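Residue numbers (mature numbering (1 follows the signal peptide of the UniProt record, and there is no 0)): -22 to -1, 1 to 521.
All C-beta atoms in this analysis are idealised placements derived from N, C-alpha and C, irrespective of residue type, glycine included.
For clarity, every value in this text was computed on a predicted model and none was experimentally measured.
Structure first, then comments.
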Amino acid sequence: MLLNKLIVVFLVSFLIVNSIVAENPYRFYEWNVTYGTISPLGVPQQGILINGQFPGPDIISVTNDNIIINVFNNLDDDFLISWHGVQNRRNSFQDGVWGTTCPIPPGKNFTYRLQMKDQIGSFYYFPSTAFHKAAGGFGSIRIFSGPFVTVPLPAYSGDFIALIGDWYKRNHTNLKAILDRGHKLPFPDGILINGRGPNGASYTVDQGQTYRLRISNVGLENSLNFRVEGHNMTLVEVEGTHTMQETYTSLDVHVGQSYSVLITADQAPKDYYIVVSSRFTSKVLTTTGVLHYSTSNSTVSGPIPSGPTIEVGWSLHQARSIRTNLTANGPRPNPQGAYHYGMINTTRTIRLATSAGQVNGEQRYAVNSVSFVPTDDTPLKLADYFKIGGFYPGNIHDVPIGGRIHLNTSVLQTDYRTFIEIVFENKESIVQSWHIAGYAFWVVGMDGGHWTSASRDQYNLRDAVSRSTTQVYPRSWTAIYIALDNVGIWNIRSEFWARRYLGQQLYMRVYTTSTSLQDEYLIPNNALLCGKVVGFHNKTILN
C-alpha cells in the first residue's frame, strides 16, 4: 500500500512541475547487476539481481519522460537489458539486443537513454544475452498519461504489478548448455508471480475499492491463464492501447504480452486465490497468489478455481474480443491522428512461417527456412551505421519458400514510411508468440488454417488493438498492419526464448536515405563499440 501511495505522490508532483517547466522531465536510475542465491520454487539457485532485488526495480514514468539508467554489469559475462514494448523512437541503438547494441562487458557500465515518446501503458524490461532471462533480471515499466490528457478509466485506489512466467529450478547456465548442445529444453518446473512460488505473492485491498493490476508474461515459453477467485476483471489497456472495457473471469496472457485490468474488491472480506496456470499443455502447471482483504481474518483455503480447458477456440474468441477504445485519448489527444489504419492501402505483404528441424544434427528453429545466426561480434546496427558491411539486407524471402532449414544472418529490408501487412503463419501444433521491437502494430485478423488473400475479408479494419506482441494459434495465422515510421534495425522474434536462441528470429532494417535527426538520431556519444567497429568514433556523435 505504501508503494501505491508513493505512485500517487509521484503523479501529483509531476503534474505540478510539468505545468510550470516546459522541458520533459528526466528520471535517473543506477542499477547494479549481480548474481545472488534465490529459491522461488524452494530450491536454491543462481539468480540475477538488480540492486539486490528479484524481480528488479520498477520503472515509473510519464509520457515523454526521459529515462536515464546507468547499468553496472557485475556478472562474469556480457550483459544487455532490453525494453519490451518501449519504442525507442529514432533510436534503435538503445534497444538492448545483439543486433543493435554491444553488450556491457563484465566489470563495466553503460548508461541507457530512453524517452517514453508518445507512449503510455504497461511494459517490462528483461536481459537479452546468454539466456540470462531464465535467471531473472526482469522488472516492470509503467508509463502514465501526461497532464491534460484524460484517460477513460474510473478512479482506482492502487496500482499493482503481476509479473508471471514459467520457471526452471536449474541455473540458467545449465539450460543454456542444453541449448548449446543442440537439444530442446525440458518442461518447466513451475510458475512464478513476482518472483515467488505458491502463495508467495500477495496483494492487500480494501473492501469496496477498485485496483489496477498490470499483468505481464515474462516467462520463457508457456501461455498462461490468469484469474482471481470470485472476482471479475475489466480489461482497460493492452501494451499502450486503451481498450473497450470488456469483463472477463480469466484472461489468457501469452508469452511477452502485457495487460491492465481493473478489479473491484466487492466480495466478502476474506483471502482469495489468485491463480496462474499453463495453457495448451498436457501437464498443467499451476501457482497461486493471494488477494488479501485488509479486514480479513482468514487465509485462502478450499479448492483452487479451475481455468479454461486445453481447447484453443475459447482463447481465440477472447483474443478477437479485445478491441481498441476509439473514443479514448492516447498519450496525446486524438490518437488516431490524421488517418485511420483501415483506410490506408498496404504496399507489401510479408508472410513469415516458422519451422523446426535439425541442422548438422542439432536442433534449430527458423523463419521462412532461415535459422538466424550472428555473423560475428559486431551488431548489425553498428555495422550498418559505420558502413562496414558484413550483412546483407534482403537475404530472407517475403514468403515461405519451403525446403530445409539453413543458417544465415537474416535481415528483412523495408522502407521508411511505408505501410505493410505481415502474416505470421504457424504450421506447428503449439501456440506461438511474436514480438516486433520498436513498434506497435494493429492485429487485424487471426484464424485457423492457411492464410490466403481471401482471408482479408474477415479483417477488423475498424477497432483492432494496437500492440507489440501477438499470439499465433496452432496451425493458424495472425495478420498485422504496421506503419514503418521508426528508422533503424529492429528485432522480430519468437517470444519462446529457446526458439529465439536457436534461430527463430530476424531483424528488420527500416531504411531511409535521410540524415535528418527528425528521422533518426546519430549514435549516442557513450555507445559501446565492439567487434569491427572498435575505435570508429570518427563520425560526428550527437544525442
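Give the range of the alpha helix (DSSP H) segment to which residue i is assigned.
i           : result
Ser293      : Gly291 to Ser299
residue 526 : There is no way to answer for residue 526, as the model of the chain reaches only from -22 to 521.
Tyr479      : Trp475 to Tyr479
Lys154      : His150 to Asp158
Give the DSSP bridge partners of residue i, in chain order.
i           : result
Tyr103      : Trp61 and Gly117
Asp137      : Arg190
Gly168      : Trp145
Asn469      : Tyr485
Phe122      : Val40
Tyr181      : Leu269
Asn404      : Ser454
Trp429      : In DSSP, Trp429 forms no bridge with anything.
Met211      : Tyr226
Glu340      : Val337
His413      : Thr447 and Arg471
Val206      : His209 and Ile252
Gln31       : Ile28
residue 524 : Residue 524 lies beyond the stretch modelled for the chain, which goes from -22 to 521, so this question has no answer here.
Ala331      : Glu403
Val216      : Thr219 and Tyr237
Ile460      : Ile398
From residue i to residue j, what does the alpha carbon distance come to, in whole angstroms?
i           : j      : result
Asn69       : Leu294 : 35 Å
Arg190      : Thr212 : 9 Å
residue 593 : Val290 : Past the edges of the chain, shown from -22 to 521, lies residue 593, and the structure says nothing about it.
residue 524 : Leu269 : Since the first residue shown for the chain is -22 and the last is 521, residue 524 is missing from the structure and cannot be characterised.
Arg342      : Leu480 : 5 Å
Ser201      : Ser446 : 16 Å
Thr107      : Pro83  : 11 Å
Tyr363      : Gly173 : 39 Å
Pro313      : Asn307 : Because the pLDDT of Pro313 is 47, which lies under 50, any placement of that residue in the model is unreliable, and the number read from its coordinates should be weighed accordingly. One C-alpha to the other measures close to 6 Å.
Phe(-13)    : Arg5   : Because the pLDDT of Phe(-13) is 46, which lies under 50, any placement of that residue in the model is unreliable, and the question is left without a value.
Ile383      : Ile46  : 41 Å
Val(-2)     : Ile501 : Note that Val(-2) scores a pLDDT of 44, beneath 50, so its modelled location is shaky; the value from the coordinates is reported in the next line. Val(-2) and Ile501: Cα-Cα distance of roughly 28 Å.
Asn303      : Pro132 : 14 Å
Asp184      : Gly143 : 27 Å
Ile119      : Asp36  : 6 Å
Ser272      : Thr182 : 6 Å
Asn(-5)     : Ala344 : Annotation note: pLDDT 44 at Asn(-5) (below 50); position unreliable, coordinate value reported separately. Straight-line Cα distance between these residues: approximately 47 Å.
Thr204      : Val254 : Note on residue identity: the sequence assigns Phe, not Thr, to residue 204. Straight-line Cα distance between these residues: approximately 5 Å.
Ile121      : Gly513 : 37 Å
Asn42       : Lys95  : 4 Å
Ile400      : Pro281 : 44 Å
Gly339      : His161 : 10 Å
Lys365      : Ile328 : 27 Å
Lys510      : Gly368 : 10 Å
Gln65       : Val216 : 15 Å
Arg257      : Thr287 : 8 Å
Ser194      : Ser100 : 8 Å
Ala457      : Trp412 : 11 Å
Between residue i and chain B, is any beta-carbon pair separated by less than 8 Å?
i      : result
His428 : No chain B is present in this structure, which holds just one protein chain.
Can you give me the start and stop residues for the beta strand (DSSP E) that residue i sits inside?
i      : result
Trp9   : Tyr4 to Ile16
Trp420 : Phe419 to Gly426
Ala442 : That residue, Ala442, is in no beta strand (DSSP E); it is neither H nor E in DSSP.
Asp230 : Ser228 to Val231
His384 : His384 to Asn386
Asp393 : Val389 to Asp393
Thr89  : Asn87 to Gln93
Ser349 : Val348 to Phe350
Confirm, please, whether the CB-CB distance from residue j to residue i is below 8 Å.
i      : j      : result
Gly30  : Gly20  : no
Gly197 : Gly63  : no
Tyr102 : Tyr319 : no
Glu473 : Gly234 : yes
Ser454 : Asp425 : yes
Gly208 : Tyr237 : no
Val11  : Asn48  : no
Ala246 : Gln187 : no
Thr396 : Thr325 : yes
Ser388 : Val421 : no
Pro18  : Leu170 : yes
Asn87  : Asn44  : no
Leu330 : Ile398 : no
Pro81  : Phe57  : yes
Ala442 : Leu163 : no
Ile470 : Gln483 : yes
Gly427 : Asn464 : no
Ile408 : Pro378 : no
Q: Would you list, in sequence order, the uninterrupted beta strand (DSSP E) runs of no fewer than 3 residues that lie entirely inside the stretch 233 to 266?
A: Taking only runs of at least 3 residues, the beta strand (DSSP E) segments lying wholly in the stretch 233 to 266 are 236 to 242 and 249 to 256.
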